[in-house]
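Going down the list, the sequences are from chains Z and D. If you read the first sequence in the working numbering, its first letter stands for residue 30, the second for the next number, and so on. If you read the second sequence in the working numbering, its first letter stands for residue 30, the second for the next number, and so on. Structure, as structure tokens:
There are 2 protein chains.
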Amino acid sequence: MRIALDAMGGDRGPEELVSGALLAMRDADVEVALVGDGDVLRSVLRACGVSEGPRLRVAHASQIVEMRENPVDAIRKKKDSSILVACDMVARGDVGAVVSAGHSGATLAAAVRKLGRLEGVSRPGLASFFPTLKKPVVMMDIGGNVDCRPQHLLQFAIMAAAFFSIHERGNPRIGLLSIGEEAGKGNALIKDAYPLLAASSLNFIGNVEGRDVFQGDVDVVVCDGFVGNICLKISEGLAEAAMRMLGDEIRKSFWAKLGYLLARPAFRAFKKRVDYSEYGGAPILGIDGVGLVCHGKSDAQAIKNAILVANKMVVGGVNERIRREISGVPVSEDE
Amino acid sequence: MRIALDAMGGDRGPEELVSGALLAMRDADVEVALVGDGDVLRSVLRACGVSEGPRLRVAHASQIVEMRENPVDAIRKKKDSSILVACDMVARGDVGAVVSAGHSGATLAAAVRKLGRLEGVSRPGLASFFPTLKKPVVMMDIGGNVDCRPQHLLQFAIMAAAFFSIHERGNPRIGLLSIGEEAGKGNALIKDAYPLLAASSLNFIGNVEGRDVFQGDVDVVVCDGFVGNICLKISEGLAEAAMRMLGDEIRKSFWAKLGYLLARPAFRAFKKRVDYSEYGGAPILGIDGVGLVCHGKSDAQAIKNAILVANKMVVGGVNERIRREISGVPVSEDE
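Quick look at the structure:
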């Protein structure tokens, strides 16, 4: 299995991304194609003391999509950008999957454009793991599919369940994110999506509330991409702000600082439990190929995990599962 | 200023609520009417060593709305429930405001029914403080006004700004909760609400993202009640889960436990900074009267703070501000 890594994306630079690729190759039977500026990448490889070879090769791309660019414009203009070249390699079958920590909007747009939608899928989207008190939960869509229709939510449920199933055996429990557990609670979209999910063959457990997401009693949480993206950003923002506030309080006293030092392994273990990098990026589901969008600040560990997840998605046949399940619930073309 | 306290609501029982009332009376020039079962409340007062008097009196109500009841049914059937009797007292002018830690849906429904909407207000809603790295931010609506129209969001902005203004001088910075900062980002509702807010006399700073909420660079965050309620519950759920996970890790080692003991004052200071009870409940805005909904698990401190906020809302003339501001932006009756 070979995976294309957009080696120019991400806030930490190519060195970090290349390190992630090396870690992945150490831990699993994967080959990596580093996509980006050939000179830059070869000098990074030299600095790492690694040479190009059949398991690790460089695929040159002369352009980079910058974070501030409009994604749709960027992928139209920058034909030789690392993310488009990487997606092209998946489309041609040179590699099985693409992983990028670059501009997420551009990655999503490039993947949908180059790979196309899976047959029957109305709107591809992004899923993400959330840490919980038990096992991580998958939430979909977090990728900005705004103004959805009920059938889109049903399709998100099917796709996220297929993704969940490559990680865990059993029939994942699907919940619809709402503001009350009863069937009649929610906005018009949720009220209309509820019966569709209830009538499907999915293991639908009904509405779940925001609090339930972190309890770990649901495996897949379904919502539109506006709500999902806000949930993700609210969670990230709260976690970051809370850690800063706690840090401020600890720095105010000598005893608190000493106490923190003693408790540091516990803090580290906690951080590892909630760290996004453990989950290795957000899969783009519903495209005819495998793609993962990583956080811009992903470190080598996060990149490694993303490559391993991409490998698992290809080997586990996520798209075959999605194709099979979704053929039962056709959505008319205009949707 | 006299305030009616629904003394039967809340998870901790009447003793906690009565203690909250006593704390409020100690700290401010307020009188409290305890609304609920007369026998129960008088025996609680006896146990506290306090006697009824002009500043603290008991108003009998024979019924209680239970948490599991449907709010609309409950307030239709239980005419002598503590929450309805308390709202009646506001309607008659016996008291200036009502505070309840009981069934929030029933409190909202009872307040809207007994007090009516303020002239020009299309949909009353609930606002809430969120802790941030700087000063707390007010978010509205968090009360379940689902499927809003753009003008409703404009009205939420006006009402929340009026509420914010009794706490802080200056022109509050208003942000629209979305998934990108640019004007074109968001779902259809947000895209249509943006120009209304931009054209208003409010200090509109544009879209804000979930991460921005906790940075403290915006004073009022506007969203529909579906999104707002989910944000609130996600935040509560994440905070609770994170604390439990951290606690689990700390309990695993002797040194971590010792460290935690040393750092405990810092943890306490942090908890106080993020504690909902410091903000004293969520104001119902847009009704012709003053009402606050408290968390079911509110302790005496939270109840005290809610009574003080209710007092501030009456004295500060929140409703006069709302009436004045909203008269400039009429909403047609069918909206």
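Here a beta-carbon is modelled for each residue, glycine too, at the ideal position from N, C-alpha and C. Keep in mind that this is a model prediction, so the values were computed, not measured.
Between which residues of its own chain and alanine 103 of chain D is the CB-CB distance below 6 Å, once the five residues before and five after are set aside? Val94 and Ala135
Pick from D:Cys77, D:Ala190, D:Glu45 and D:Lys143 that is closest to lysine 387 of chain D, judged by C-alpha positions: In the structure displayed, chain D extends from 30 to 364; residue 387 of chain D sits before or after that span and is not available.
Does the beta carbon of isoleucine 195 of chain D come closer than 8 Å to any beta carbon on chain Z? no
Can you pull the chain D residues whose beta carbon is under 8 Å from the beta carbon of glycine 215 of chain Z, in chain order? Val175 and Phe255
Tell me, to the nearest whole angstrom, how far the beta carbon of valine 167 of chain Z is from that of phenylalanine 185 of chain Z; I am working on the premise that it is less than 8 Å. Incorrect: roughly 10 Å between the Cβ atoms, too far for contact.
Is cysteine 416 of chain Z near leucine 218 of chain Z, with beta carbons less than 8 Å apart? Here chain Z comprises residues numbered 30 to 364, so residue 416 of chain Z is not present and cannot be evaluated.
Do you know how far the Cα of histidine 181 of chain D is from the Cα of arginine 152 of chain D? 7 Å
Within the 8 Å Cβ cut-off, does cysteine 260 of chain D reach chain Z? yes
Cβ of valine 338 of chain D less than 8 Å from any chain Z Cβ? no
Do you know how far the Cα of glycine 254 of chain D is from the Cα of alanine 53 of chain Z? 44 Å
When you compare the segment 37-48 of chain Z with the segment 61-80 of chain Z, are there three or more beta-carbon pairs, one atom per stretch, that lie closer than 8 Å? yes
Could you give the uninterrupted runs of the alpha helix (DSSP H) lying entirely in the segment 37-113 of chain D, keeping only those of 4 residues or more? 43-56, 67-77 and 100-106
For glutamate 242 of chain Z, which of helix, strand or coil comes out of DSSP? The sequence given here has valine at residue 242 of chain Z, not glutamate. Valine 242 of chain Z: helix per DSSP, three-state reduction.
Exposed or buried, which one is cysteine 252 of chain D when buried takes at least 16 other CB atoms within 10 Å? buried
Would DSSP call valine 166 of chain Z helix, strand or coil? strand
Does DSSP put alanine 126 of chain D in a helix, a strand or coil? strand
Element boundaries [alpha helix (DSSP H), containing valine 141 of chain Z]: 133-144
Could you name each continuous beta strand (DSSP E) segment of 3 residues or more that falls completely within the segment 171-216 of chain Z, going from the start of the chain to the end? 202-206
Where glycine 318 of chain D and leucine 162 of chain Z are concerned, what is the direct C-alpha to C-alpha distance, given to the nearest angstrom? 42 Å
Examine chain D for any beta-carbon lying closer than 8 Å to the beta-carbon of leucine 46 of chain Z, and answer yes or no. no
Just to confirm before moving on: does the CB-CB distance between valine 101 of chain D and cysteine 116 of chain D stay below 8 Å? no
What are the residues of the segment 155-166 of chain D that lie near chain Z, defined by any Cβ-Cβ distance shorter than 7 Å? Thr161 and Leu162
With 16 other CB atoms within 10 Å as the buried threshold, where does asparagine 216 of chain D fall? buried
Can the beta-carbon of glycine 204 of chain D be found closer than 8 Å to that of asparagine 236 of chain D? yes
Which residues of the segment 218-236 of chain Z have a Cβ closer than 7 Å to any Cβ of chain D? Give them in chain order. none
So what does DSSP say about glycine 154 of chain D, is it helix, strand or coil? strand
For leucine 147 of chain Z, does the three-state DSSP call read helix, strand or coil? coil
Name the chain Z residues whose beta carbon is nearer than 8 Å to that of valine 303 of chain D? Ala271 and Met274
Cross-strand partners of arginine 31 of chain Z (DSSP beta bridge): Z:Glu60
Per DSSP, what are the beta-bridge partners of phenylalanine 299 of chain Z in this structure? Looking at the DSSP assignment, phenylalanine 299 of chain Z forms no beta bridge with any residue, so it has no partner.
Where does the unbroken alpha helix (DSSP H) through leucine 267 of chain D begin, and where does it stop? 254-280
My guess is that leucine 155 of chain Z and isoleucine 187 of chain Z are in contact by the Cβ rule of under 8 Å, so how many angstroms apart are they, rounded? Going by Cβ atoms, the distance from leucine 155 of chain Z to isoleucine 187 of chain Z rounds to 15 Å, so no, they are not a contact pair.
Residue range of the alpha helix (DSSP H) that leucine 314 of chain Z falls in? First-last for leucine 314 of chain Z: 311-314, but that is the beta strand (DSSP E), not the alpha helix (DSSP H).
Could you tell me the alpha carbon to alpha carbon distance between alanine 228 of chain Z and glycine 172 of chain D, rounded to whole angstroms? 30 Å
Quick one: measure Cβ to Cβ for alanine 130 of chain D and glycine 38 of chain D, integer angstroms, because I've assumed they're closer than 8 Å. 5 Å
Is the CB of proline 43 of chain Z under 8 Å away from at least one CB in chain D? no
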